[in-house]
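Student:
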Amino acid sequence: MLEQLEQLYQQALAEIEQITDAESLRAWEIGYLGKKGSITQMLRSTGQLPPEQRASFGKRANQIKLDLTAAYEAREKLVREQALARDLEEGQVDVTLPGRARPTGGLHPSTQILRQLYAIWAEMGFQVYRSRDVEDDDTNFTLLNIPPHHPARDMWDTFYTTTPGVILRTHTSPGQIHAMRDLGGNGTQPIRVILPGMCYRYEQVTARSEMQFHQLEGLAIGRSIRMSDLKGTITAFAHRMYGAHAAVRFRASYFPFTEPSMEVDVECFLCGGKGCRVCKYAGWLEIAGAGMVHPEVLRNGGYDPTVWSGFAFGMGPERMAMLKYRISDIRYFWQNDLRFLEQF
Amino acid sequence: MKVPISWLKEFVDIDIPVERLAERLTLAGLEVSGITYIGVPQGQADGVRWPNSDHLVWDREKILLCRIREVKPHPNADRLVIAMVDYGGAELEACVTGAPNLFPYKGLGPLDEPLWAVWAAEGAEVWDGHSDEPKRMILKEKSLRGIPNRSMVCSEKELGISDEHEGNLLLREQPLNQVTGQPAVPGTPLQDVLGDIILEVELTPNLARAYSIYGVAREVAALLGKPVRPPAYDYLAEGAPIDGAAAIEIRAPELNPRFTLALLRDVEIKPSPEWMQRRLKLVGQRPINNIVDVTNYVTFEIGQPLHAFDYDKLVARAGGRPPTIITRLPEPGETLTTLDEKTRQLEPHNILVCDTAGVLSLGGIIGGAETEISAETKNVLLEAANWNFINIRRTMQSQKVFTDAGTRFSRGVHPSQAILGLQRGIELMRQTAGGQIARGILDAYPQPSPTVRVELPIGEVRRLLGMDLDVETVADILRRLLFDVAVRSDTLDVTVPDFRTDIGTGVVGQADLIEDIARIYGYDRIPDTMISDQIPPQWTNVDLVREERARDVLVALGLRENISHRFTTPEREAQLIPPGADNPYAGGYVEIANPLSADKTALRHSLLISLLENARANARFTARQQVFEIGSVYFQRRPGALPDEPRRLGILMTGPRRVADWASGLAADNVDFFDLKGVVEGLLDGLHIAEASFSRAAHPSFHPGRSALLTVGGVDIGAFGEIHPQVAQTFELTAAPLLAAEFDLDALLAAMPDRHETQPLLNTPPVYQDIALVVSQETPAAAVQAAIIKAGGKLLRSVRLFDVYQGGSVPEGHKSLAYNLVYQAEDRTLTDAEVAKVHQKIVKACERELGAKLRG
Ligand SMILES: [Zn+2]
């Protein structure tokens, strides 16, 4: 029996030397050391031996079991190391194969620009105030110092509805009247708001002009709002939007609801001001119209223009997106072609 | 408006590069949108950028003014002649040419009046007159039918002045040398004779005063700090008096504040002089004859439109008596045939110029055909009038007639300009057409405009501009703009010149002046400051925050945002309904009175129309579409009122569930109702809305069996599900199930809680158990789940349906619903007995309440 044990021991040692994979090693362990393994069975059969042999056999068998367990553990470590080495050496994939596609969602580019504008203006204390799309003629024009038939109305091609005196707003400026009357406390409270919204113009749709577009208007009313504040505020905005070193230029212009009025240009960020096709070789890109709120408009909003003053500005998110992302055709915005939307 | 620099310089000295001037004008609100160069090189000004011009620069040595002294026949060709050209050199140069306008002089020998023309020497660069495409060429010696030729007499096209190549450019008179102001001699560089630069100036509606060359000159003078030289308004009147020869009657002075007439007898109708024709061409006008050209010239020169009548035709209409010019509104049914040969039905607000026999012209806009100047005209009655600008604009728009005169009057011309225009015009006519001006002028001015005065405290300038300009600086700027200023300590008393119709009174007048002060001082010199005013009360736009949250959740669920045109038609939206069903979209549209096209006559009632039309367009390129749109729809609830503009959320999903890729094979599984429902539930979760329930929808746009109505807290939010197959068919979207939703976004966002509570994380061990219940086919899954949750009590931590099974061992008319249940206590490890007790309670409750059987 002892001989048999010794023979089994030698056999087990010889076999394990040959093992190189985890599966064979596991089979070896089960075969010798498992519950029904041959060494385990030998140990269990100690009781069948004559009593005088039992102690020495048991001692030897236990010793062999410990040795084999140690051999197993050593081999197991070796096999694991070898497998790791093999995997590291041979387990390659073609890393140039494309990844598994993940479906993604995304915001419309106009929404993205609007959010950027909300964030920048919020930092400067301007909150979002929204008003309606379908307006009365008074709020869209007359209260903004554009009386009926006034030549200034030529600046807006208007969609009229079949309800007399009701139009689609041509700009977000009627929101100025709503905001002043709503938030101004009858001309007693300062205001700082931005007014985003969809606007409509009776214009043929081409690559360069749309019948529907967003505007974002701004309005600040206070007891000491000055044109220098308008310049400083717009410049601060431009530095956040177009970079801390963007040059800004203010040109005199005309809007009936502001005076002085101005157009705001930023140095072309596509060519660095050297002149390119997009800036029409002028080196400047128009980014906003602005001005000091006209006294008539302040009055119509409930404010005394000899005490209160304010500034207003307006910008076009689609135009900003077109410049930022080099979008060549404004019609892309509302066509919702997924090939376009998936680029944002 | 085109502004030739040569014309501008008549009124103001310009000593800076034109490109710099263009920038100064642009910054001061007269935007120069383009510069056209004629023959002269493009200038450079530091820091000013303009696109490079590709015009032809006339070589100062090689392109010269010349005289053709004789036109000889060509010995070998009938269709060619030889021009003997005096270009200021020692000898005449022989140039072979086929120009038809030289043929009348052929063989006449040396001409008594040699022809003024333009000569290009050998080596000069010109445009190729025979090429259809713009192409340059260098003149080289070559023989033309046996006669050597190395230079040429040029056409306008060869010089780049116009496309005219029918004949040589011939000047009827000796031109001026623009540099010296003296008559130009042969050999003068053409640059100095015809070279010019044209500014294209965009004028905003407030710049009526600058709608003329002289008007722009006033602005230039103010910007450069130079004096402005007005045109000459004196005239030589030696003829018999106008009194008794004509009369004026104004019947609507508020629409026609002033009307003036002058009479010029014994004119000779002929082409106007070369200099006048050239200027008219430079501003885009076609010369007609000396009388008509003067009316146009004065319009462009000082901005006062004129109208010339054939006096004898008026006399004839008056039955041989002196005519009375009457301005009035139309009688019912009156018509007028205007110079553009249109017979117009007159509207009640159209102010007219008439005589006793009827209508002569549409006042201030366009003349009538009957009394116009013709080649036979002998006596000219010249009108210079003033019209209410609002009414002129209204008439131009309603009559759809847009003229240079009407455009100027519609922006506002001061009545004082009428008399200046009349004097300027009648004298220019006398100079170009001869004759005698009748002594005296007829001037009807029933309601003279008052002079505008504005009191401007310097403090107001400082308050609004934010800088401490001193009184003298401000006064100087205003004086440069021709305001009359008296300084009274800290206040300026400003008298407004009459051409400034844009300056108001009181606080508005102050703002008007402050704008001018800022403009001329320079916006760039006003400092940049941050607002120091009190910060207004701060608040959060909850409505917007929630809307943006909804966008974020939908994007996280894998949807792309659409934004669509809000225009549609009732017919387009009727396509959302299967044939025969009631149309819930009909009626209550906001209708567009002036639609751009027949498919955009109203504002939408539904986002579904936008989403389905977008999906149809996208289906050409992609099968998988998962999108949403947030936007308004419009309902005319009460006639005459402003419409309601509720916000909606629309969702559309169709096509493969997954994006196809190489590793997963072709993604064939199409999305179905439960994919959309997953998005809806994801949205509710993301918005932390708990009180949602789903029931069958009864919306005609959807499949009746595979659509649901979402209700939150008892409020209907909207339907979602599979689009009705017949509707999908209409939109050609039948390749895969088409899922859509339209929700009332206002109601949905109103259900969002201001805050929500989180669940604590438990460290006690959870016990996982599954349960499969067989219930009748009709039992809603929601009822089973509700029964489990109710019976499970506090220890049941979560319930998740993982399988729905029919057939096999499940009896006919039944289904098996299998759930993963998780039991967990907050404070202790659950015993097997505790779990078994709750589990049993759930089984019992389901048996009792739903007739459910445990699946064996
Ligand atoms: Zn550029």
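These protein sequence lines map, in sequence, to chains A and B.
Following our numbering from start to finish, the first sequence increments by one per residue and tops out at 346.
Following our numbering from start to finish, the second sequence increments by one per residue and tops out at 881.
Each residue gets a CB set at the ideal place from its N, CA and C atoms; glycine is no exception.
#1: Less than 7 angstroms separating the Cβ of Leu-99(A) from some heavy atom of ligand 1?
#2: Which residues share a DSSP beta bridge with Pro-482(B)?
#3: Taking the alpha-carbon positions, what's the Pro-230(B) to Leu-667(B) distance?
#4: Could you tell me which residues DSSP pairs with Trp-336(A) in its beta bridges?
#5: Within this structure, are the beta carbons of Met-322(A) and Ile-115(A) separated by less than 8 angstroms?
#6: Do three or more CB pairs link the region 484-501 of chain B to the region 295-313 of chain B at distances below 8 angstroms?
#7: Is the shortest distance between the beta-carbon of Thr-197(A) and the beta-carbons of chain B less than 8 angstroms?
#8: Is Val-280(A) near ligand 1, going by C-beta to nearest heavy atom under 7 angstroms?
#9: If you reduce the DSSP assignment to three classes, tell me which class Gln-650(B) lands in.
#10: Quick one: what's Met-322(A) bridged to in DSSP?
#11: Helix, strand or coil for Arg-290(B) per DSSP?
#12: Which residues in chain A have a C-beta closer than 8 angstroms to the C-beta of Trp-687(B)? List them in chain order.
#13: Is it a yes or a no for the region 362-370 of chain B touching the region 400-409 of chain B, going by three-plus beta-carbon pairs under 8 angstroms?
#14: Does any residue of chain B have a CB that is nearer than 8 angstroms to the CB of Ile-193(A)?
#15: Note down, in chain order, every chain A residue with its Cβ under 8 angstroms from the Cβ of Gly-583(B).
#16: Going by beta-carbon coordinates alone, are Ser-263(A) and Leu-197(A) separated by less than 8 angstroms?
#17: Roughly how many whole angstroms lie between the Cα atoms of Arg-645(B) and Gly-318(A)?
#18: Since Pro-595(B) is in the alpha helix (DSSP H), which residue starts that stretch and which ends it?
#19: Quick one: list the residues of chain B neighbouring Lys-233(A), beta-carbon separation under 8 angstroms, in chain order.
#20: Name the chain C residues that come within less than 7 angstroms of Pro-297(A), Cβ to Cβ?
#21: Quick check: does the Cβ of Cys-379(B) come within less than 7 angstroms of any heavy atom belonging to ligand 1?
#22: For Trp-123(A), does the three-state DSSP call read helix, strand or coil?
#23: How about the region 677-696 of chain B and the region 646-657 of chain B: do they share at least three Cβ pairs that are nearer than 8 angstroms?
#24: Can you tell me which of the three DSSP states Ile-350(B) falls into?
#25: Quick one: which chain A residues come within Cβ less than 7 angstroms of His-590(B)?
#26: From the DSSP output, which residues share a beta bridge with Thr-163(A)?
#27: To which residues of the same chain is Tyr-258(B) closer than 6 angstroms at the C-beta, ignoring the five residues directly before and after it?
#28: Taking the continuous alpha helix (DSSP H) assigned at Asp-429(B), which residues delimit it?
#29: Should Gly-245(A) be listed as close to ligand 1, given that the test is whether its C-beta is under 7 angstroms from any heavy atom?
#30: Check each candidate in Asn-639(B), Asn-77(B), Pro-100(B) and name the one with the smallest Cα separation from Gln-337(A).
#31: Going by DSSP, name the residue or residues bridged to Thr-336(B).
#32: Using three-state DSSP, classify Asp-710(B) as helix, strand or coil.
#33: With a threshold of 8 angstroms between beta-carbons, can Pro-668(B) be considered close to chain A, or not?
#34: For Ser-226(A) and Val-299(A), what's the separation of their Cα atoms in angstroms?
#35: For ligand 1, I want to know if Gly-277(A) counts as a neighbour, meaning its beta carbon is within less than 7 angstroms of at least one of the ligand's heavy atoms.
#36: Are the CB atoms of Arg-170(B) and Leu-228(B) nearer to each other than 8 angstroms?
Tutor: Quick look at the numbers:
#1: no
#2: Thr-516(B)
#3: 30 angstroms
#4: Paired residue(s): none; Trp-336(A) is not in a bridge.
#5: yes
#6: no
#7: One detail in the question is off: residue 197(A) reads as Leu in this sequence, not Thr. Chain B, which has no Cβ nearer than 8 angstroms to the Cβ of Leu-197(A), makes this no.
#8: yes
#9: strand
#10: DSSP output for Met-322(A) lists no bridge partner at all.
#11: strand
#12: Leu-99, Pro-100
#13: no
#14: yes
#15: Pro-105, Thr-106, Gly-107
#16: no
#17: 31 angstroms
#18: 595-599
#19: Tyr-548, Ile-551, Pro-552, Asp-553, Thr-554
#20: The question asks about chain C, but that chain is absent: this structure's protein chains are A and B.
#21: no
#22: helix
#23: yes
#24: strand
#25: Gln-214, Trp-336
#26: Ile-617(B)
#27: Leu-445, Gln-448, Arg-449
#28: 429-436
#29: no
#30: Asn-639(B)
#31: The residue you asked about is not Thr; residue 336(B) is Tyr in the sequence shown. DSSP output for Tyr-336(B) lists no bridge partner at all.
#32: helix
#33: yes
#34: 17 angstroms
#35: yes
#36: no
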